[in-house]
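Have a look at the structure below before the remarks.
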Ligand code: SAH
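In my numbering, the protein residues as written are 7 to 419.
This is the structure in structure tokens:
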């Protein structure tokens, strides 16, 4: 019988494992014995031979191994993996009461590195993005379908991430029926169409669920406070997530900006789905005026200023500006630019919801950048709350890299 393949660490490189951080970089490894294949189970041992973890081996990746477990007595087999999947699904059970779009598995946070599973109604959308999880794809799919009582699985793995793991391209129908062009979902009392085939990520920014709801609540509060319906600006609106939530909550006008014509087309459809007028359609039962602008948000913010527009609520939810540490200085300038522009358009007493989904830009740095923008805009602001991703995107304390989305709710004095 062959001995279990073993990854032996360099001296001192067990420190991150002692903190139960799940990644082992190639540079931490002294030697590998037993010729493990791509995704194979390995045991990770320190220089002194002490057991540290069970892990999946990724010979093509700089993250050379990802830990499954730190318990020497655990057996990492099909039943073990199925149990992890079942636990992750069960952890989200209550969310189904308020929404039909739920992240069921969030990689490392659920002890399943490289696996993302989002549920949109009757369709599961997967991303298999590490060699370890990919090696157990069928076991994972069986467990998912059983735990969710759902038989349709569509894959949206990122080809670049799979290539980095030396995995062949995946994508498309893995189980059951292909999804329709647009899958209808409900989030609290708002409905959206999701393009799971071509949309960003798996089709929808599920992580912003709570913050979209907050935007609706803010609109209601501003209505009550000012005795009039607020004017809302939503930059980087994608398919209208925040825009529709604000409009449904009673905004007078919602101006939405995105550079993607496809996203805006679905945003239009989402407005119709929620019986909201578009571009002043007076036959609509709702009084809100919606403007969808296909434009670069950096430029559009300047144009709106030149036009002397003012808003009571502004949402800034840009794409990831920094994918690594090297890009942080440039990203910081971009965040400052849009926040400065937005604060100049904000009425006194108005609210700004501003986000960064760059994991490389930490919460402290992001707050400093926005504070700098407020100084330059001569806008005194109160920090009403710090915002994060919804509960189905938990952060494992041992794996801070998982905490990517951070936001600030500011009120202009
Ligand atoms: N808030 C949205 C998600 C935003 S994702 C929601 O809740 O669904 C970021 C969006 O920014 C994408 O739709 C992308 O098309 C858009 N985008 C990227 N760069 C842009 C730019 N320079 N100007 C305007 N939009 C941009």
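Using N, Cα and C, we set each Cβ at its ideal position, and we do this for glycine too.
When the beta-carbon positions are compared, residue 418 and residue 355 come within less than 8 Å of each other.
99 is the residue among 13, 99, 302 whose C-alpha sits nearest the C-alpha of residue 155.
Assignment of residue 398 by DSSP, reduced to helix, strand and coil, places it in the coil class. Under the criterion of beta carbons closer than 8 Å, residue 348 and residue 407 do not qualify as touching, at roughly 28 Å. Partner residues in the beta bridge of residue 49, as assigned by DSSP, are 12, 60. Assignment of residue 327 by DSSP, reduced to helix, strand and coil, places it in the coil class.
Note: residue 237 is bridge-paired with 259 in the DSSP secondary-structure output. Not one heavy atom of ligand 1 falls within 7 Å of the beta-carbon of residue 204. Collapsing the DSSP output to three states places residue 73 in a strand.
Inclusion of residue 138 and residue 165 in the CB contact set at 8 Å is not warranted, their separation being larger than that value. Excluding the 5 residues flanking it on each side, residue 146 has same chain C-beta neighbours closer than 7 Å at 87, 91, 121, 139, in chain order.
Per DSSP, the continuous alpha helix (DSSP H) segment holding residue 349 begins and ends at 334-351. At a Cβ-Cβ threshold of 8 Å, residue 28 and residue 73 count as neighbours. With contacts defined as CB atoms closer than 8 Å, residue 262 and residue 299 qualify as a contacting pair. In the structure shown, residue 36 falls within a strand segment according to DSSP collapsed to helix, strand and coil.
Taking residue 181 as the centre and dropping the five residues before and after it, the same chain places the C-beta of 147, 151, 157, 158, 159 closer than 7 Å to its C-beta, in chain order.
DSSP lists 159 as the beta-bridge partner residues of residue 181. Rounded to the nearest whole angstrom, the C-alpha separation of residue 252 and residue 324 is 18 Å. The Cβ-Cβ distance between residue 115 and residue 401 falls below 8 Å. Pairing residue 126 with residue 209 gives a Cβ-Cβ distance under 8 Å.
Going by DSSP, residue 318 is part of no alpha helix (DSSP H) but of the beta strand (DSSP E) stretching over 317-322.
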